[in-house]
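Residue numbers (our numbering): 556 to 858.
Below, the structure written as structure tokens:
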């Protein structure tokens, strides 16, 4: 990391720390910008990453996607172009040196506009690509992120200046080694764009039984080709993806409503509560009710 990049990363850490009032993620006044602040490492936690550009200012984190693990630290970025169930873990954080990160939502419409307006030639790709990218953040992108973060201290400027900083950030991102894969979610007819459509269907209708043939027809692909490309992008089959989304949704329902496992299993699309309990335990490491009670206790929720 250059001296300039180190100074920008340090400034970013200071801004995040100053504007983070609580442990965990916080939606900021800048649309699509989330700050993350942790003072202690946490255990491996299954979650769904929304399409986003994340830049780490302090600490370190690991995310696991099936058998692949990605680790990133200060000055590095994580790019996730599609909704992706992963297992995340903050590995370096303390009260003295907290984990500090900014996540910026990826807007497919904005990416499309930038491609058209800038004249970048991204052809529709007939190949799929893994949807997690980790690497060093360029000085140009760091400068954009810091300008965006500075707006947290001048909220009156956000409506005018935040869209400008965001556009420049993603314009810069499109000109990096990540650009082609990022553009694939926005270029009509590309494999990544079509897989993203199928992912949206699975996220929206996770409780409904959806056959691979239905998803393949929706995106204009043969079932075998669709299955192959979907697995290449997400590292899991469409049915495995739907199962993870169902289990994460079930966890959220039980935590929010203090619901029981059997009724929750039916709500998220399972026909067998016993199968639900087995798969839940396999994913979260404990039974649904034990996990629910532990989470409610740690979050101070009565029940």
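Here a beta-carbon is modelled for each residue, glycine too, at the ideal position from N, C-alpha and C.
For residue i, which residues of its own chain have a beta-carbon under 7 Å away from its beta-carbon, when the five flanking residues on both sides are left out?
i, result
"residue 845", "none"
"residue 569", "none"
"residue 566", "701"
"residue 850", "810"
If we ignore side chains and look at the alpha-carbon of each, how far apart do residue i and residue j end up?
i, j, result
"residue 803", "residue 640", "9 Å"
"residue 581", "residue 704", "13 Å"
"residue 768", "residue 801", "20 Å"
"residue 824", "residue 756", "15 Å"
"residue 653", "residue 834", "34 Å"
"residue 683", "residue 852", "With a pLDDT of only 48 at residue 683, under the threshold of 50, the placement of this residue in the model should not be trusted; the figure read from the coordinates follows. When rounded, the distance between both Cα atoms is 42 Å."
"residue 799", "residue 764", "14 Å"
"residue 732", "residue 814", "46 Å"
"residue 666", "residue 718", "13 Å"
"residue 574", "residue 712", "16 Å"
"residue 791", "residue 805", "20 Å"
"residue 754", "residue 828", "25 Å"
"residue 571", "residue 584", "13 Å"
"residue 735", "residue 664", "16 Å"
For residue i, which residues from the same chain have a beta carbon less than 6 Å from its beta carbon, with the 5 sequence-adjacent residues on both sides left out?
i, result
"residue 860", "An answer regarding residue 860 cannot be provided, because it is not within the stretch 556 to 858 covered by the chain."
"residue 720", "699, 702, 703"
"residue 615", "628, 646, 647"
"residue 694", "559, 560"
"residue 710", "584"
For residue i, which beta-bridge partners are listed by DSSP?
i, result
"residue 691", "631"
"residue 582", "589"
"residue 602", "641"
Can you list, in chain order, the residues of its chain whose CB lies under 8 Å from that of residue i, leaving out five sequence neighbours each side?
i, result
"residue 716", "702, 706"
"residue 687", "618, 620, 623, 625, 633, 634, 635, 639, 641"
"residue 602", "640, 641, 642, 643, 803"
"residue 808", "814, 819, 822, 823"
Write down every uninterrupted run of the beta strand (DSSP E) in the stretch 604 to 669 whose length is 3 residues or greater and which is fully enclosed by it, in chain order.
607 to 613, 615 to 620, 623 to 627, 631 to 635, 639 to 647, 654 to 660
Is it true that the stretch 769 to 782 meets the stretch 737 to 752, where meeting means three or more beta-carbon pairs spaced less than 8 Å apart?
yes
Go through the stretch 761 to 835 residue by residue and report every complete run of the alpha helix (DSSP H) that reaches 4 residues or more, in order.
767 to 773, 778 to 789, 793 to 812, 816 to 822
Could you say if the stretch 776 to 786 and the stretch 613 to 621 meet the contact criterion of at least three C-beta pairs nearer than 8 Å?
no
Are at least three pairs of beta-carbons, each pair with one atom in the stretch 630 to 650 and one in the stretch 669 to 676, less than 8 Å apart?
no
Inter-stretch contact (C-beta, 8 Å, three-pair minimum) for the stretch 592 to 603 and the stretch 648 to 659
yes
Are the stretch 661 to 675 and the stretch 716 to 734 touching, with three or more C-beta to C-beta distances below 8 Å?
yes
The stretch 600 to 614 / the stretch 652 to 666 touching (three or more Cβ pairs under 8 Å)
yes
Counting beta carbon pairs with one atom in the stretch 784 to 795 and one in the stretch 814 to 821, are three or more of them shorter than 8 Å?
no
Would you mind listing the alpha helix (DSSP H) stretches within the stretch 686 to 746 that are 4+ residues and don't spill past its ends, in chain order?
694 to 705, 713 to 729, 734 to 738
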